[in-house]
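Residue numbers (my numbering), protein chains in the order written: chain A, 18 to 377; chain B, 18 to 377; chain C, 18 to 377.
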């Protein structure tokens with residue numbers, strides 16, 4: 018763990034927690050908690066949570082000072098404090114942020130001596146530009162934004178208030194990032210899209226990518242993830258989208274609000290993904306198609322046509338012992354023939370049973 | 018859009034365009050265009066293109082000053098200028114580059130004060146080395162090349178004329194990049210290949226990767242893409258190859274001229290890929306195999322054996338509603354048995370119809 | 018090749034090699050070798066190896082000064098020296114490292130003038146911090162460690178002795194890297210895990226990721242690979258693990274000793290992978306599952322359930338000509354129905370042959 022108990026000082030009184038985050042408190046409102054821990058490892062000063070009532074047996078051996086439990090779970094007197102909450106996992110998310118803030122070093126302002134900021138760039142007074150970061154002409158860095166060590170912000174790019182660019186992330190010229198976003202280390206926003214035409218001899222001729230990337234508020238872009246700029250129009254990522262690591266978002270893609278993309282997803286050009294979707298890890302999405310709002314795509318699936326009805330979709334070969342897989346994969350290469358043989362068998366049996374019909 | 022109309026000034030007269038790029042001009046040769054726009058959004062001053070004659074209805078509501086159309090499409094008098102071209106998409110590619118150049122800031126020369134260039138490195142007078150870039154001993158940077166902010170060029174590496182290393186890209190020691198190439202942000206060329214042997218106890222023992230990477234002319238390497246150096250021989254990427262983002266090219270791979278790799282492709286060691294291939298997004302290519310020239314591999318396929326006949330190959334599980342997928346995937350694990358049951362059914366029916374044969 | 022013969026000087030006498038690395042020497046112990054080359058290209062001064070006795074015909078046209086062969090292969094008098102070894106590939110690995118070390122420039126100490134090292138960081142006297150690297154408060158850099166150009170080491174992170182961070186790699190706050198590890202260019206260790214809860218309206222609420230990453234000794238992390246920090250507990254990678262490029266390791270994953278992950282693998286949160294496993298390229302591993310020690314997973318497979326029996330497992334759609342694939346994929350979407358039709362055919366034939374039973 019990188020953060021010691023010192024930052025949160027004496028900890029947060031559970032009474033204060035319930036006042037701000039809601040829930041029903043049972044026990045001593047003055048009990049203080051310093052940090053989260055898993056139920057089984059939690060000690061005095063720790064807060065833990067039980068995600069589901071079915072797992073309430075996990076409470077038995079916990080030494081947490083406070084536990085957050087679902088509404089149906091009876092408070093156990095062994096804990097100094099119990100908070101009943103409608104959604105303990107969500108409660109955990111909110112409280113974990115609060116505890117982390119208590120522990121965080123004071124935000125820095127200004128710029129490191131080694132930062133390279135163009136004279137024409139406008140950096141808010143309370144923003145910070147860290148060591149070896151480079152900010153080019155006419156870029157705009159919003160209030161309380163953080164441009165991490167070694168980041169690059171291209172000409173005319175706009176970084177919204179409270180947004181964090183973590184070390185070595187890149188925002189190319191003209192791209193716009195909203196407020197309260199995080200670009201994790203090594204993320205690249207606004208590289209040229211993969212656009213080229215084949216000439217008379219089959220050689221590729223690059224198409225200038227003159228669109229940009231427009232990212233809404235509260236968006237996370239994962240480590241080493243890439244989001245390409247548009248060819249003519251912009252690539253657009255709406256508010257609240259969460260993108261994990263090593264994801265590729267091609268030019269002119271549109272992603273609706275609050276959609277989440279797990280790691281290693283690849284989205285080809287001009288695909289339009291709805292809001293509140295969940296795209297599993299390693300999924301590939303072909304270009305120029307649409308995915309309806311609230312669609313779930315299972316991991317490692319290929320989406321090669323539009324998905325217009327919300328639902329849960331999957332397409333992945335089931336894992337098996339190699340020799341079984343090998344036999345089944347070989348048979349799969351003749352599946353259409355097998356289907357035809359089944360049809361012929363059905364016809365033959367049918368005509369046996371109905372001898373009035375012509376028999377082959 | 019990051020680029021305003023100012024750069025291209027009064028725009029390019031369509032007469033000049035046709036003189037240089039060919040095609041048949043209908044209308045006013047003095048009409049000027051500033052930039053490309055999609056047909057439906059194009060306004061006065063914009064040039065747009067119609068890729069295929071079948072979609073000519075899209076022309077009806079466009080307000081472009083000039084449209085580029087296929088040869089069969091009759092010029093519409095509502096446009097100030099119409100250019101008939103054999104391949105409007107290719108025409109668009111070439112013209113988009115030209116317009117972008119008009120708009121580009123003047124190329125810089127020399128080096129930023131924060132660049133770190135070894136005394137023994139040879140940097141062309143008209144090349145530029147941007148802020149916080151690092152160039153090591155004996156490296157060579159060609160004429161008009163651009164080494165972007167925060168890039169790293171290792172000892173003895175050679176960067177060809179007019180090649181651009183965009184921010185944070187890395188070229189390790191001894192690698193050679195041709196002319197007019199682009200390394201997009203975060204690309205890594207020349208990291209060690211994944212080579213090791215297991216010792217008597219199963220622990221991995223690293224194999225020194227003493228080969229290099231040799232990249233031809235007019236090659237694009239996408240953002241955060243990785244191309245490993247060879248173990249003994251070099252990894253080789255021929256002229257005109259286009260590689261999208263987040264692609265992994267392992268040690269000793271060879272890629273033929275003008276082949277294109279879409280995003281998230283992974284190529285294992287020593288694979289040899291022909292010329293003019295198109296490898297779809299997310300494809301995996303096993304090691305030590307060959308793919309013939311002009312082969313197309315569909316997205317998310319695994320190529321586990323050599324492909325010696327050009328053609329279009331695919332191998333991806335079809336997407337389905339999760340419950341359907343689940344039922345079919347379960348059946349798939351027994352497909353070889355199903356095939357055998359079909360065979361037995363056929364035999365039994367056969368022997369019923371030919372009772373002279375032995376019956377079980 | 019980036020490394021000339023000068024570094025190894027007059028080369029290494031094969032007698033010295035056998036004294037240190039074992040094997041049986043036939044021929045002249047004073048013969049010197051400078052570097053490895055493939056058998057077919059090897060010249061005087063080169064050492065080459067024959068991995069398997071079956072391929073001994075490859076020896077016929079080689080001009081190597083020394084060859085390393087399996088124990089069963091009879092030494093050929095045409096070579097000045099022949100070393101018989103139990104495992105020539107392992108021998109190659111060890112000797113290649115030795116030759117590379119002879120050729121390597123002397124290790125640097127101290128720090129480049131442009132490095133940014135916090136006053137509270139503890140950097141060993143014989144470690145080196147290269148240009149534009151940034152090391153934050155309380156970080157620890159071990160003996161002979163190398164922090165490459167443009168690297169970032171966050172607050173409180175610990176880098177073990179002899180570990181190399183290659184250019185642009187990132188170790189976030191509080192992470193611990195063991196001894197003799199290599200982080201290849203662009204690798205990111207310790208970015209936040211992908212953790213968030215959906216609120217009442219479906220928007221994601223970030224969960225503070227307060228765990229860390231703990232990496233053992235002799236671990237390789239590939240170029241642009243990402244290893245996320247844990248949510249509450251730490252992400253753990255044991256000794257000797259080898260990870261290729263563009264791999265994603267999510268929060269709280271545990272990877273056992275000497276396991277290898279090929280390129281483009283993605284591992285979801287809290288998966289536990291055993292020791293001595295080999296995970297093929299492009300594999301996806303779902304979260305919260307276990308994989309037994311010594312398991313092999315074939316390339317591009319999805320592991321969606323625990324694998325408790327060691328063995329070789331695969332799950333990938335077989336590649337085929339697109340039109341064949343298309344027909345088989347269409348049939349696959351109805352495979353469960355086909356299975357049911359086979360069952361019905363079997364029942365009907367059964368009842369024909371056993372007319373005493375009720376017939377439908």
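From the three backbone atoms N, C-alpha and C, an ideal C-beta is built for every residue, glycine too.
Keep in mind that this is a model prediction, so the values were computed, not measured.
Output yes if chain A places a C-beta closer than 8 Å to the C-beta of residue i; else output no.
{"i": "residue 265/C", "result": "yes"}
{"i": "residue 323/C", "result": "no"}
{"i": "residue 250/C", "result": "yes"}
Using a Cβ-Cβ distance under 8 Å, would residue i count as near chain B?
{"i": "residue 13/A", "result": "Beyond the ends of chain A as shown, which are 18 and 377, falls residue 13/A; an answer cannot be given."}
{"i": "residue 187/A", "result": "yes"}
{"i": "residue 335/C", "result": "yes"}
{"i": "residue 198/A", "result": "no"}
{"i": "residue 224/A", "result": "yes"}
In chain A, which residues lie with their C-beta within 7 Å of the C-beta of residue i?
{"i": "residue 293/B", "result": "219"}
Does the distance between the C-beta of residue i and the nearest non-hydrogen atom of the ligand FAD fall short of 7 Å?
{"i": "residue 163/C", "result": "With respect to the ligand FAD, the structure shown offers nothing to examine, as it has no ligands at all."}
Just to make sure I have the definition right: I need the residues of chain A whose C-beta is within less than 8 Å of the C-beta of residue i. Which are they?
{"i": "residue 178/C", "result": "Near residue 178/C there are no residues of chain A at all, since even the closest Cβ is about 21 Å away, more than 8 Å."}
{"i": "residue 350/B", "result": "335, 337, 341 and 345"}
{"i": "residue 281/B", "result": "265, 281, 283 and 301"}
List the residues of chain B whose Cβ lies closer than 7 Å to the Cβ of residue i, in chain order.
{"i": "residue 328/A", "result": "338"}
How many Å lie between residue i and residue j at the Cα?
{"i": "residue 31/C", "j": "residue 98/C", "result": "7 Å"}
{"i": "residue 220/B", "j": "residue 311/C", "result": "12 Å"}
{"i": "residue 208/C", "j": "residue 225/B", "result": "29 Å"}
{"i": "residue 377/A", "j": "residue 340/C", "result": "With a pLDDT of 44 at residue 377/A, under the threshold of 50, the modelled position of this residue cannot be trusted, and the question is left open."}
{"i": "residue 167/A", "j": "residue 129/B", "result": "15 Å"}
{"i": "residue 260/C", "j": "residue 277/C", "result": "6 Å"}
{"i": "residue 108/B", "j": "residue 65/B", "result": "11 Å"}
{"i": "residue 244/C", "j": "residue 175/C", "result": "16 Å"}
{"i": "residue 75/A", "j": "residue 57/A", "result": "7 Å"}
{"i": "residue 118/A", "j": "residue 343/B", "result": "44 Å"}
{"i": "residue 241/B", "j": "residue 62/B", "result": "36 Å"}
{"i": "residue 323/B", "j": "residue 151/A", "result": "46 Å"}
{"i": "residue 40/A", "j": "residue 88/A", "result": "9 Å"}
{"i": "residue 48/B", "j": "residue 113/B", "result": "17 Å"}
{"i": "residue 252/C", "j": "residue 307/C", "result": "15 Å"}
{"i": "residue 357/C", "j": "residue 350/C", "result": "14 Å"}
Any idea which residues DSSP pairs residue i with across the strands?
{"i": "residue 41/B", "result": "101/B"}
{"i": "residue 289/A", "result": "271/A and 307/A"}
{"i": "residue 51/C", "result": "Partner(s): none; residue 51/C has no beta bridge."}
{"i": "residue 222/C", "result": "214/C"}
{"i": "residue 63/C", "result": "52/C"}
{"i": "residue 277/C", "result": "259/C and 295/C"}
Could you tell me whether the Cβ of residue i comes closer than 8 Å to any Cβ of chain C?
{"i": "residue 41/B", "result": "no"}
{"i": "residue 110/A", "result": "yes"}
{"i": "residue 245/B", "result": "yes"}
{"i": "residue 125/A", "result": "no"}
{"i": "residue 331/B", "result": "yes"}
Residues of chain A with a CB under 9 Å from the CB of residue i: which are they?
{"i": "residue 131/B", "result": "131, 133, 149 and 151"}
Name the chain C residues whose beta carbon is nearer than 8 Å to that of residue i?
{"i": "residue 52/A", "result": "227"}
{"i": "residue 80/A", "result": "Here the premise fails: no neighbours, minimum Cβ distance about 15 Å."}
Given that residue i touches chain C, what residues does it touch there, using C-beta distances under 9 Å?
{"i": "residue 359/A", "result": "355, 358, 359 and 362"}
Cβ closer than 7 Å: which chain C residues qualify as neighbours of residue i?
{"i": "residue 205/B", "result": "202, 203, 240 and 241"}
{"i": "residue 276/B", "result": "Chain C residues near residue 276/B: none, gap ~18 Å exceeds 7 Å."}
Anything in chain B within Cβ reach of residue i, meaning under 9 Å, just list it in chain order.
{"i": "residue 320/A", "result": "336"}
May I have a chain-ordered list of the beta strand (DSSP E) segments no shorter than 3 residues that lie completely inside the segment 65-130 of chain C? 83-87 and 98-102
Can you list the beta strand (DSSP E) stretches of 3 or more residues lying completely in the segment 180-215 of chain B, in chain order? 205-208 and 213-215
What are the uninterrupted segments assigned as alpha helix (DSSP H) that are 4 or more residues long and contained completely in the segment 291-360 of chain B, given in chain order? 339-349
Contained beta strand (DSSP E) runs [length at least 3] in the segment 135-181 of chain A, N- to C-terminal order: none
Could you pull out every unbroken beta strand (DSSP E) segment of at least 3 residues lying fully inside the segment 227-271 of chain A, listed in chain order? 230-232, 243-245 and 252-254
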